[in-house]
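Undergrad:
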Amino acid sequence: MTAVALIGGTGLTVLEGLEVLRRDTVDTPWGAPSAPLVHGLVHGCPVVFLARHGPAGTIPPHRVNYRANLSALQEAGARRVIAVNAVGGIRPGLDVPGRLVVPHQIVDYTYGRAHTFFEDDLEHVVHVDFTEPYCQPLRETLIEAGRRAGLEVVGRGVYGATQGPRLETAAEVDRLERDGCDIVGMTGMPEASLARELGLCYAAIALVANAAAGRGPGVLSMEEIERNLREGMRSVRSLLEQAIPLA
614 MTAVALIGGT GLTVLEGLEV LRRDTVDTPW GAPSAPLVHG LVHGCPVVFL
664 ARHGPAGTIP PHRVNYRANL SALQEAGARR VIAVNAVGGI RPGLDVPGRL
714 VVPHQIVDYT YGRAHTFFED DLEHVVHVDF TEPYCQPLRE TLIEAGRRAG
764 LEVVGRGVYG ATQGPRLETA AEVDRLERDG CDIVGMTGMP EASLARELGL
814 CYAAIALVAN AAAGRGPGVL SMEEIERNLR EGMRSVRSLL EQAIPLA
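In the working numbering, the protein residues as written are 614 to 860.
#1: Taking the runs of the alpha helix (DSSP H) that are 4 residues or longer, which of them lie wholly in the stretch 679–736?
#2: Can you tell me whether I569 is helix, strand or coil according to DSSP?
#3: Can you have a look at Y724 and say buried or exposed, based on whether 16 or more other CB atoms are within 10 angstroms of its CB?
#4: Give the single residue among A689, C658, G702, A727 whose Cα lies nearest to the Cα of N841.
#5: Drop a sphere of 10 angstroms on the beta-carbon of A691, count the other beta-carbons inside from all chains shown, and report buried for 16 or more, exposed for fewer.
#6: Could you check whether Y722 and A805 sit closer than 8 Å to each other, using their CB atoms as the reference points?
#7: Return the first residue and the last residue of the beta strand (DSSP E) that G759 is part of.
#8: Kindly indicate which three-state DSSP category H652 falls into: helix, strand or coil?
#9: Can the beta-carbon of L764 be found less than 8 Å from the beta-carbon of L852?
#10: Give me the residue from L751, T671, L789 with the minimum Cα distance to I719.
#11: Just to confirm the assignment, what range does the alpha helix (DSSP H) spanning L789 have?
#12: Does DSSP put R769 in a helix, in a strand, or in coil?
#13: Over the uninterrupted beta strand (DSSP E) stretch that includes G798, give me the two end residues.
#14: Between A784 and A616, what straight-line distance do the alpha-carbon atoms span, to the nearest angstrom?
#15: Between the stretch 825–840 and the stretch 727–743, do three or more beta carbon pairs fall short of 8 Å?
#16: Going along the chain, which residues of its own chain have a beta-carbon closer than 7 Å to the beta-carbon of G768, five neighbours each way excluded?
#17: Can you list, in chain order, the residues of its chain whose CB lies under 6 Å from that of R704, leaving out five sequence neighbours each side?
#18: Tell me whether E745 sits in a helix, a strand or coil according to DSSP, three-state version.
#19: So for V861, helix, strand or coil by DSSP?
#20: Consult DSSP for R840 and reduce its assignment to one of helix, strand or coil.
#21: Which whole-angstrom value describes the C-beta separation of G657 and L631, a residue pair presumed to lie in contact below a C-beta threshold of 8 Å?
#22: T638 and P649: beta carbons closer than 8 Å?
#23: Which of the three DSSP states, helix, strand or coil, is assigned to L820?
#24: With G777 and P674 assumed to form a contact (beta carbons below 8 Å), what rounded beta-carbon distance in angstroms separates them?
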């Protein structure tokens, strides 16, 4: 049985409920991934877990080696990848901490990140279709898993991927909203497009950790964001427990 890959973001550096079988420290043509690959079982289903920001959560979004991460997961045999992203909520109804969103579209505002596998020693230029950036069957699986877990999951949303590691200004969030973004995070790209280049079925669970800049009552507090992440990750884990057997 092919393993499902899980990429844990901020607040999910360890997957509780994972029966660990082994940890592999690997290398790729693109360098080392963020952390060892943790192979295990969830309800008897094989899983490969990777902490995007490293075992201690110390790699900032713009320094994540996205190419190495996706390449390592593919080499480990994963064909379906579920990513977990912490985000800020922009639109009313999505600006509530703890809200879960399965995005269907993405807008890329990042820069300077290694964003493609196809740039050196090519026999021909390679373009991939990115009209629908997330794998629809896997998106439907996540939405159904949320229903089975008794969670309120928003089944559509446009993810605005910003550079970080600083948070956005209120004016930048206004621009994101004008551009059609519903949520904002720092790790959605180039992760999604690299997965597409490798032919992986990739979808994301976005956990709203805070109202985006200018959408809440005051200054954003990292302590509050971290508290919201700790609480919200319980819902994420419940969703994953349902999703992995379905995926």
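Positions of the beta carbon are idealized from the N, C-alpha and C atoms, including for glycine.
TA: Inspection of the coordinates gives the following:
#1: 679–688
#2: As displayed, the chain neither begins before 614 nor continues past 860, which places residue 569 out of reach and without an answer.
#3: exposed
#4: G702
#5: buried
#6: no
#7: It is not in any beta strand (DSSP E) - G759 instead sits in the alpha helix (DSSP H) that spans 749–761.
#8: strand
#9: yes
#10: L789
#11: 783–791
#12: coil
#13: 796–798
#14: 42 Å
#15: no
#16: V715, I756
#17: D795
#18: coil
#19: Within the shown structure, residues of the chain are numbered from 614 to 860, placing residue 861 beyond reach of any answer.
#20: helix
#21: 12 Å between Cβ atoms; not a contact.
#22: yes
#23: strand
#24: 4 Å
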